[in-house]
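A.B. asks: These protein sequence lines are chains A and B, in that order. Offset between the first sequence (1-based) and our numbering: plus 11. Offset between the second sequence (1-based) and our numbering: plus 39. All C-beta atoms, glycine included, are put in the ideal place defined by N, C-alpha and C. Below you'll find the structure I mean.
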Amino acid sequence: MDEAEEALVRMEGIEKHFAGVHALKDCRFELLAGEVHGLVGENGAGKSTLMKVLTGVYRPNAGIIRIDGRDVQLSDPKAAQALGIGMIHQELNLAPDLTVAQNIFIGREPRRGFGLFLDDKTMNERTRELLAGMNLDIDPRSQVAGLTVAKQQMVEIVKAISLDSKVLIMDEPTAALSDAEIEELFVVIERLRGQGVGIVYISHRMAELQRICDRITVMRDGQYMDTVKIGEVTVDRIIAMMVGRELYQADKSAHAGAHADIVLEVKGLRRGRALRNIDLQLRRGEILGIAGLVGAGRTELARAIFGADPIDGGELYIRGRRIAIRSPHQAVLHGVGYLSEDRKQYGCLLDMDVKTNVAIASMPRYAQAGWMKDAEIERRASLVVDQLRVKTPSIHQPIKFLSGGNQQKAIIGKWLTRDCDILIFDEPTRGIDIGAKGEIYKLLDQLAAEGKSIIMISSELPEILRLSHRILVMCEGRITGELTNDGSVTQESIMHYATRRIG
Amino acid sequence: MKDTALVTQGGKRAPVIPPGLLQQVLAFGSLIVLVLVFSLASGNFFQFSNIVGILLSTAVIGVLALGSTFVIITGGIDLSVGTVMTLSAVMTGVFITFWGLPVPLGLLGGILTGALCGMVSGVAIAKMKIPPFIATLAMMMIAKGLALVISGTKPIYFTDHPAFGEIALGSLLASLIPGFAIPNAVLVFFAVAIIGAIVLSRTIIGRYNLAIGSNEEATRLSGVNVTFWKIVIYTMTGLFTGLAGILMASRLNSAQPALGMGYELEAIAAVVIGGTSLSGGKGTIVGTVIGALIMSVLTNGLRILSVPQEWQTVVVGFVIVLAVYADILRRRKHAA
Numbered sequence: 012m013d014e015a016e017e018a019l020v021r022m023e024g025i026e027k028h029f030a031g032v033h034a035l036k037d038c039r040f041e042l043l044a045g046e047v048h049g050l051v052g053e054n055g056a057g058k059s060t061l062m063k064v065l066t067g068v069y070r071p072n073a074g075i076i077r078i079d080g081r082d083v084q085l086s087d088p089k090a091a092q093a094l095g096i097g098m099i100h101q102e103l104n105l106a107p108d109l110t111v112a113q114n115i116f117i118g119r120e121p122r123r124g125f126g127l128f129l130d131d132k133t134m135n136e137r138t139r140e141l142l143a144g145m146n147l148d149i150d151p152r153s154q155v156a157g158l159t160v161a162k163q164q165m166v167e168i169v170k171a172i173s174l175d176s177k178v179l180i181m182d183e184p185t186a187a188l189s190d191a192e193i194e195e196l197f198v199v200i201e202r203l204r205g206q207g208v209g210i211v212y213i214s215h216r217m218a219e220l221q222r223i224c225d226r227i228t229v230m231r232d233g234q235y236m237d238t239v240k241i242g243e244v245t246v247d248r249i250i251a252m253m254v255g256r257e258l259y260q261a262d263k264s265a266h267a268g269a270h271a272d273i274v275l276e277v278k279g280l281r282r283g284r285a286l287r288n289i290d291l292q293l294r295r296g297e298i299l300g301i302a303g304l305v306g307a308g309r310t311e312l313a314r315a316i317f318g319a320d321p322i323d324g325g326e327l328y329i330r331g332r333r334i335a336i337r338s339p340h341q342a343v344l345h346g347v348g349y350l351s352e353d354r355k356q357y358g359c360l361l362d363m364d365v366k367t368n369v370a371i372a373s374m375p376r377y378a379q380a381g382w383m384k385d386a387e388i389e390r391r392a393s394l395v396v397d398q399l400r401v402k403t404p405s406i407h408q409p410i411k412f413l414s415g416g417n418q419q420k421a422i423i424g425k426w427l428t429r430d431c432d433i434l435i436f437d438e439p440t441r442g443i444d445i446g447a448k449g450e451i452y453k454l455l456d457q458l459a460a461e462g463k464s465i466i467m468i469s470s471e472l473p474e475i476l477r478l479s480h481r482i483l484v485m486c487e488g489r490i491t492g493e494l495t496n497d498g499s500v501t502q503e504s505i506m507h508y509a510t511r512r513i514g
Numbered sequence: 040m041k042d043t044a045l046v047t048q049g050g051k052r053a054p055v056i057p058p059g060l061l062q063q064v065l066a067f068g069s070l071i072v073l074v075l076v077f078s079l080a081s082g083n084f085f086q087f088s089n090i091v092g093i094l095l096s097t098a099v100i101g102v103l104a105l106g107s108t109f110v111i112i113t114g115g116i117d118l119s120v121g122t123v124m125t126l127s128a129v130m131t132g133v134f135i136t137f138w139g140l141p142v143p144l145g146l147l148g149g150i151l152t153g154a155l156c157g158m159v160s161g162v163a164i165a166k167m168k169i170p171p172f173i174a175t176l177a178m179m180m181i182a183k184g185l186a187l188v189i190s191g192t193k194p195i196y197f198t199d200h201p202a203f204g205e206i207a208l209g210s211l212l213a214s215l216i217p218g219f220a221i222p223n224a225v226l227v228f229f230a231v232a233i234i235g236a237i238v239l240s241r242t243i244i245g246r247y248n249l250a251i252g253s254n255e256e257a258t259r260l261s262g263v264n265v266t267f268w269k270i271v272i273y274t275m276t277g278l279f280t281g282l283a284g285i286l287m288a289s290r291l292n293s294a295q296p297a298l299g300m301g302y303e304l305e306a307i308a309a310v311v312i313g314g315t316s317l318s319g320g321k322g323t324i325v326g327t328v329i330g331a332l333i334m335s336v337l338t339n340g341l342r343i344l345s346v347p348q349e350w351q352t353v354v355v356g357f358v359i360v361l362a363v364y365a366d367i368l369r370r371r372k373h374a375a
């Protein structure tokens, strides 16, 4: 990176305060044309805040922002947009019922007949050109709702590019993508890089950052730590800069083995095209990892066992007894708990406090003739907060103010409070920063050691390999492989099964 | 990104004053200001008899609003409370005057009529998954029609049962404290408010009510039988509605089958002015009581100032917008 070269974006001495909280302290950031620049840091490190300053959502309290060498004031998102700064959010901003072309040209649709009528033909034609320019095989007239998440993301990217963006900020762009789709995304990123677009790539996934980025800027606690060239530092060094502490490593050798009792058995579980004849067994004290690509049916399997979705057929045995689970209510009565990948939507009661979130699955126990015994709830919640080391100022704090990792711990506490001994974790560390990940891993190991049985769905293969005693691999609604995690299993061998399509 | 994330970014700090409390303080402040303004504007306003009149006129809408608070906190709505109230009044009339049942049994029958209607709405919503707006719109029409059919479109008078009118207009309090003639309807309203507040804050129904409103799917996935509890909540709203029907009938000493439409909207307005969110999860009983009082103070005060009735309605409309907008502003400030 030549010093003389004019940076596309240069931010210096950025300060941002929120009601007494110092969110950004003397932050800087530099992005060159044609560069993919990784931005990493734990949740709350200030990445999003810094990028919101760059996209005009927040106005900094101090600091200089230069675009193409010119000082600029980004007073609102429109101003940033006009300067060619575009953002692809983690949650996509598309209207699902409109077509691809309608989404790309929303608010600036080509008109004809004195501007009274929409010119669909021109719009679709121009969309086709834009898509072709990115080598994307998407029909401009197809409805967005019918596209895969990956394709929807491509549409967002094309939309940003069509607005003449020269800076593209991508927030966790691969969070919802399968490996094949990630490859597609990288091809698009490479093409954009070739066109001189500067890309800010926010991600927790080190392997991806190493592959796609030129440089990485690390933030911690609202402060700029360092900017490093990829290849000059190790992943461990980056993680150390992010968290300032070592990661927890599990020891798999301690597992009781394959002789423990079977607590959960599934036979011939079917649900439309999502689940085709699934058999599985879960033993006491075991962590059963379920790997597979997005869309392989892993979440569907978890929800089917938990009674959250109706099934077409199949048998379920818990501790040898055949039971019918038609609702989560029944599943919980049999000691099964489910932790969704989407904590905000399906896990937490966001507006309610920590103690209610801990007690919500066990209310009848804390009620006498309908009367709530709040003192007991508080005692239990305090215990959970202490034992699981949930970081919260108090048990009366609304759970939405907790970080992802601490929310997850509180939800684990909810199921432990309910005495559930079969726990289904769907992406247990999604949206959780690296430091807290280690704690969640440790917690899962502890729970298994205490005799809880765990099914863990994860898209991160290192996570599967690190935690699971046994691994089931799914592909297109079927279980295509079963592996004992005895040290011989590799990411490649899992991928082999995950892509083994049958019929 | 969601507004909550902004706070989390900064330092994971929650606001010092919970937003619900602030809204209540705000609503209570508005009520005091209204009373002061009207007192200064007219010497007739702050008279014992006028205040009693205000409270009496709050009672029926107030009890309806208290019931509605529960369903609104679930994120639902009950459009049928106006006409179910009427149906309950008519049924009370049928039980007492046509069937000749003793008054207490007739009252019980009236209340149960309301509860039954609420339960039917609840089943339609929770089990058949019909959106609350539609299900209770249907119940509104069914109840209205039934009230007319059963009564033969004519009012039912309770003239043979002098005790019946005493239920709302008599004063138990005056017999204890001479001269302190507060009608029973007002006492019932406040008693029901206290019971409602206890149910919402201290019982398992209230806890599930708030949880369902906060996030119904997460509550279901926590193993809570959401279907059952939603039916319970709609039934409870119906119970309150039935009680309002009795108060109404007693006050008029008759069941008027053509009355009732439009009451549900006034009840919803009172709930909303009291700071309960139509998107669910947030709301208090105290808020609803204040909201109902604001509505009647406003109507009464404007009438004393000789503002024509048509204009009173316009003013109430603006107050609703103001109240909700104040709430939105506060939330936005809290989020930034």
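1) Within the 8 Å Cβ cut-off, does L249/B reach chain A?
2) Assuming T131/B contacts A294/B under a Cβ cut-off of 8 Å, what Cβ separation, rounded to an integer in Å, is found between them?
3) Taking C-beta pairs closer than 9 Å, name the residues in chain A that V162/B reaches, listed in chain order.
4) I need the straight-line Cα distance from M145/A to E192/A, nearest angstrom please.
5) Are at least three pairs of beta-carbons, each pair with one atom in the segment 124 to 133 of chain A and one in the segment 171 to 178 of chain A, less than 8 Å apart?
6) How many angstroms separate the CA atom of V166/A from the CA atom of M467/A?
7) Helix, strand or coil for A227/A per DSSP?
8) Could you check whether K269/B and T113/B sit closer than 8 Å to each other, using their CB atoms as the reference points?
9) Just to confirm, are E183/A and G446/A a CB contact at a threshold of 8 Å?
10) Round the Cβ separation of G209/A and L19/A to the nearest angstrom and send it over; I've been treating them as touching at under 8 Å.
11) Which residues in chain A sit within 7 Å of T274/B, going by Cβ to Cβ distance?
12) Note down, in chain order, all residues in the segment 421 to 436 of chain A with a beta-carbon under 8 Å from any beta-carbon belonging to chain C.
13) In terms of residues, what are the limits of the beta strand (DSSP E) holding K278/A?
14) Roughly how many angstroms separate the alpha carbons of E515/A and L188/A, rounded to a whole number?
15) Would D362/A count as contacting chain B if we go by Cβ distances under 8 Å?
16) Mind the definition here: the segment 87 to 103 of chain A touches the segment 111 to 123 of chain A only if three or more C-beta pairs lie below 8 Å; say whether that holds.
17) Taking just the CA atoms, how far does R216/A sit from I249/A?
18) Could you pull out every unbroken alpha helix (DSSP H) segment of at least 4 residues lying fully inside the segment 87 to 174 of chain B, listed in chain order?
19) Return the residues of the segment 279 to 291 of chain B that lie within a Cβ-Cβ distance of less than 8 Å from chain A, sorted by chain order.
20) Please confirm whether G67/A has its beta-carbon closer than 8 Å to some beta-carbon of chain B.
21) Y235/A touches chain B at which residues, Cβ-Cβ below 8 Å?
22) According to DSSP, what are the bridge partners of R391/A?
23) Which of helix, strand or coil does DSSP assign to E257/A?
24) Look up K36/A in the DSSP assignment and give the residues it is bridged to.
25) Would you mind telling me which residues of chain B sit closer than 9 Å to I371/A, beta carbon to beta carbon, in chain order?
26) Determine the direct distance from the alpha carbon of M167/B to that of A315/A, and round the result to whole angstroms.
27) If we call anything under 8 Å between Cβ atoms a contact, is Y354/A one with Q418/A?
28) In chain order, what residues of the segment 294 to 327 of chain A put their CB closer than 7 Å to some CB of chain B?
29) Quick one: measure Cβ to Cβ for V311/B and A362/B, integer angstroms, because I've assumed they're closer than 8 Å.
30) Going by DSSP, what residue range makes up the alpha helix (DSSP H) through Q163/A?
31) Within the continuous alpha helix (DSSP H) that includes E23/A, where are the two ends?
32) Given a cut-off of 8 Å on the beta-carbon distance, is the pair P222/B and L95/B in contact?
33) Taking the C-alpha atoms as reference points, what is the distance between G348/A and T276/B?
34) Going by beta-carbon coordinates alone, are I150/B and I285/B separated by less than 8 Å?
35) Which bits of chain B does P339/A rub up against, with CB to CB less than 7 Å?
36) Between the segment 336 to 352 of chain B and the segment 73 to 89 of chain B, can you find at least three pairs of beta-carbon atoms closer than 8 Å?
C.D. replies: If we stick to the structure as given:
1) Output row for L249/B: interface = yes.
2) 6 Å
3) Chain order gives no chain A residues near V162/B, where near means a beta carbon separation below 9 Å; the closest approach is about 16 Å.
4) 15 Å
5) no
6) Taking the straight line joining both Cα atoms gives about 32 Å.
7) Sequence inspection shows Ile at residue 227/A; the Ala mentioned does not correspond to that position. Correct three-state label for I227/A: strand.
8) With contacts defined as CB atoms closer than 8 Å, T113/B and K269/B qualify as a contacting pair.
9) no
10) 4 Å
11) Going along chain A, no residue has its Cβ under 7 Å from T274/B, so there is no contact; the nearest lies around 14 Å.
12) The chain labelled as chain C is not found among the protein chains of the depicted structure, namely A and B.
13) 273 to 282
14) In the structure as shown, chain A begins at 12 and stops at 514. Residue 515/A is therefore absent and cannot be evaluated.
15) Output row for D362/A: interface = yes.
16) no
17) About 11 Å.
18) Complete alpha helix (DSSP H) runs here, min 4: 87 to 112, 120 to 132, 142 to 165.
19) The segment 279 to 291 of chain B vs chain A, Cβ under 8 Å: nothing.
20) no
21) Per Cβ cutoff of 8 Å: no residues; Y235/A is ~16 Å from chain B at best.
22) DSSP, once it has assigned bridges, lists no residue as partnering R391/A.
23) In this prediction, E257/A scores a pLDDT of 46, lower than 50, which makes its location untrustworthy; the coordinate-derived value is nonetheless stated afterwards. Reduced to three states, the DSSP call for E257/A is coil.
24) Q234/A
25) R246, Y247, A250, A257, T258, S261, G262, V263
26) It is roughly 21 Å from the alpha-carbon of A315/A to the alpha-carbon of M167/B.
27) At residue 354/A the sequence reads Arg, which differs from the Tyr that was named. Taking 8 Å as the Cβ cut-off, R354/A and Q418/A qualify as a contacting pair.
28) For the segment 294 to 327 of chain A, residues whose beta-carbon sits nearer than 7 Å to a beta-carbon of chain B comprise A319.
29) With a contact defined as Cβ atoms closer than 8 Å, V311/B and A362/B qualify at about 7 Å.
30) Element bounds for Q163/A: 160 to 173.
31) Run containing E23/A: none in the alpha helix (DSSP H); it sits in the beta strand (DSSP E), 20 to 29.
32) The answer is yes: Cβ separation under 8 Å.
33) 32 Å
34) If you check the CB distance, I150/B and I285/B come in under 8 Å.
35) R259, L260, G262
36) yes
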